[in-house]
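Colleague: Basically the numbering used here = 1-based index in the sequence shown + 12. Yeah, the Cβ is synthetic: ideal placement off N, Cα and C, and Gly gets one too. Structure below; questions to follow.
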Amino acid sequence: MDTIVEIHVPLGKVSATPDGSHPFPWIDRVDDFLVNLEEAEEHDESDECEGAHVFFVTGVPEAVLLAVASRVAALPGVPGGAFAVVSDQEAEEIGVGRRVEL
């Protein structure tokens, strides 16, 4: 059973944005970071869940996945308060597993 680490990043409040601009530009930054990552792989498309945007990584040992999650939390523009959830492919819901503060 493969370990999956969910990276939960709070969405926070949206201030007014110019027409055509993304209210959360850091989401694209994180997606690009994960796509170009060599030490782990993206498990699934990122998704919104309970006021957070959730990214999924898998394919390597848990310690490496948590290191990737910490790097995501430290990317420029990513809001504070991110945390990881260590889960597996059998989990039926997002957020089920052991929570790890980043």
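Quick one: what does DSSP say F45 is sitting in, helix, strand or coil?
Modeller: F45 falls in the helix class under three-state DSSP.
Colleague: Just the Cα atoms here: how many angstroms apart are E113 and E50?
Modeller: The alpha-carbon atoms of E113 and E50 are separated by roughly 23 Å.
Colleague: Grouping DSSP H, G and I as helix and E and B as strand, with all else coil, what is S82?
Modeller: Residue state, collapsed to three classes: helix.
Colleague: Is the CB-CB distance between V42 and V97 below 9 Å?
Modeller: It is not a contact, given that the beta carbons lie outside the stated cut-off.
Colleague: At the level of alpha carbons, what is the spacing between D40 and H65?
Modeller: So the two alpha carbons sit approximately 11 Å from each other.
Colleague: Exposed or buried, A86, counting other C-beta atoms within 10 Å across all chains shown (16 or more means buried)?
Modeller: It is exposed - the Cβ of A86 has fewer than 16 other Cβ atoms within 10 Å.
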